[in-house]
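Per the working numbering, residue 30 is the first one in the sequence shown, and the count goes up by one each step.
A virtual CB, placed ideally from N, CA and C, is assigned to each residue, including glycine.
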Amino acid sequence: MVEHNTGCERCHGPGGKHAASAAKTDIFNPAKATKEQASLVCGYCHVRKENEHFKSAQGNPREDQPHPVVGETYKAGQDDWRTWYPDGILIPGANPKQPLNQNYPKTDLENAFYLDDLAKQHGFYDSRKHHEAWQELIQSSHYTKNILACSDCHMPHALAKPKPAARETCVACHGTQYDYAKIMPATGRTADNLFMRSHTFNKNQNRPSGPTASGQPTYYYK
Ligand code: HEC
Ligand code: HEC
Ligand code: HEC
Ligand code: HEC
């Protein structure tokens with residue numbers, strides 16, 4: 030929240046009506062949405078994609094996804110960015126024609142996910158690059174069984190009733206069965222040679238963890 034680029038409306042959608050009325054019902058609250066809808070809000074940014082539909086000033090594919098109508102912006106809680114110009118964009122996992130279990134050579138998605146024996150054996154494709162959390166979460170039973178959205182584990186700002194830190198959420202449902210550091214090894218390499226934790230939630234996880242981007246202990250680092 031100290032970073033001005035991710036302001037309120039990025040997660041709560043247009044706020045003009047709410048600012049005028051101050052009514053709770055006049056604004057989008059991820060906590061009141063379906064898990065799919067709530068996760069789409071975070072996935073708009075925490076995803077890896079290559080956009081051929083709108084090019085950068087240098088003529089390269091973009092990594093972001095502007096609204097199909099020039100001048101409009103993404104409206105959290107209203108728009109489904111997975112359905113925008115599906116033929117002009119590569120978002121493995123979002124489009125059924127672009128599955129996560131295949132490689133996309135010569136694009137930003139080249140070697141973006143593990144496709145090795147462990148991945149094929151269990152059907153979980155952990156990230157090899159950063160900002161892929163949404164593509165990992167949608168593979169997990171947490172998502173497919175409609176159990177958790179990103180914001181059930183991560184609360185981006187203070188609330189009237191504080192929530193536990195993400196790594197302390199597991200125990201409420203699983204007791205001590207799962208150690209988050211083992212289930213979520215840091216596999217997705219960032220530009221700084223730090224790694225993002227996997228969000229596929231494979232119970233047979235045995236990948237080693239790299240040093241994590243968030244600086245938390247890396248018990249399984251080899
Ligand atoms: C990165 C996403 C994100 C941003 C940015 C964000 N919010 Fe939220 N906000 C959420 C989520 C998720 C919830 C639902 C939390 C819950 O109850 O589980 C929420 C809940 C709220 C609530 C309800 C609080 C409660 O106690 O029930 C208010 C009010 C709110 N946000 C205001 C704001 C304001 C004002 C800003 C900008 C200064 C902002 N939010 C920015 C994600 C965001
Ligand atoms: C508009 C784009 C955008 C949206 C929407 C967004 N994020 Fe983020 N998020 C960012 C950026 C940018 C950072 C900072 C990355 C950095 O520091 O390099 C960040 C950082 C984070 C971090 C902290 C990472 C760390 O290492 O401490 C978490 C956790 C997170 N976001 C979760 C969420 C969740 C949950 C939602 C949805 C409720 C969400 N984000 C929505 C862009 C976004
Ligand atoms: C709100 C309750 C809840 C929370 C919080 C939660 N989980 Fe889960 N988790 C579940 C449920 C329910 C399932 C689905 C179990 C099933 O498929 O029968 C599941 C599935 C899993 C699985 C896959 C299990 C399997 O049999 O394939 C793993 C691994 C897992 N969770 C780890 C974690 C970790 C690590 C955390 C904390 C970062 C966590 N969970 C947080 C409820 C939760
Ligand atoms: C079951 C709980 C759970 C869910 C659901 C979840 N996360 Fe996480 N996430 C965690 C935990 C635990 C960590 C590691 C935190 C730590 O090391 O202290 C983490 C770490 C992160 C980080 C920080 C970078 C890193 O690897 O440490 C980001 C960014 C992030 N998650 C984004 C997301 C987004 C976006 C979603 C939804 C697509 C999501 N998470 C869903 C539990 C969850």
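Does the distance between the C-beta of residue i and the nearest non-hydrogen atom of ligand 2 fall short of 6 Å?
{"i": "Ala157", "result": "It should be noted that the sequence gives Arg, not Ala, for residue 157. For ligand 2, not one heavy atom lies less than 6 Å from the Cβ of Arg157."}
{"i": "Arg39", "result": "yes"}
{"i": "Ala242", "result": "yes"}
{"i": "Ser238", "result": "no"}
{"i": "Thr35", "result": "yes"}
{"i": "Ser85", "result": "no"}
Starting from residue i, trace the beta strand (DSSP E) both ways and give me its first and last residue.
{"i": "Gly217", "result": "Ala215 to Arg218"}
{"i": "Glu79", "result": "Glu79 to Lys84"}
{"i": "Phe224", "result": "Phe224 to Arg226"}
Within 6 Å: the Cβ of residue i and any heavy atom of ligand 3?
{"i": "Cys71", "result": "no"}
Just reading off the alpha helix (DSSP H) that residue i is part of, what are its end residues?
{"i": "Arg39", "result": "Cys37 to His41"}
{"i": "Tyr172", "result": "Ser170 to Thr173"}
{"i": "Trp163", "result": "Ala162 to Leu166"}
{"i": "Ala105", "result": "Per DSSP, Ala105 belongs to no alpha helix (DSSP H) and is neither H nor E."}
Using a Cβ-based criterion (distance less than 6 Å to any ligand heavy atom), does residue i qualify as near ligand 1?
{"i": "His171", "result": "no"}
{"i": "Pro185", "result": "yes"}
Just to check, is the beta-carbon of residue i closer than 6 Å to a non-hydrogen atom of ligand 4?
{"i": "Arg111", "result": "no"}
{"i": "Arg226", "result": "yes"}
{"i": "Leu166", "result": "yes"}
On a Cα-Cα basis, can you pick out the residue from the options that is closest to residue i?
{"i": "His151", "options": "Glu161, Lys232 and Ala242", "result": "Lys232"}
{"i": "Asp29", "options": "Ser85, Gly100 and Val99", "result": "Given a span of 30 to 251 for the chain in the structure shown, any question on residue 29 remains unanswerable."}
{"i": "Glu65", "options": "Arg77, Thr219 and Gln164", "result": "Gln164"}
Below 8 Å, can you find three or more Cβ-Cβ pairs linking the stretch 158-175 to the stretch 218-234? yes
Under a criterion of Cβ closer than 5 Å to any non-hydrogen atom of ligand 3, which residues qualify, in chain order? Ser170, Ile176, Thr198, Cys199, Cys202, Tyr207, Tyr209, Ile212, Phe230 and Lys232
Do the stretch 56-68 and the stretch 111-125 meet, that is, are 3 or more Cβ pairs less than 8 Å apart? no
Is the stretch 94-104 touching the stretch 137-144, taking contact as three or more C-beta pairs under 8 Å? no
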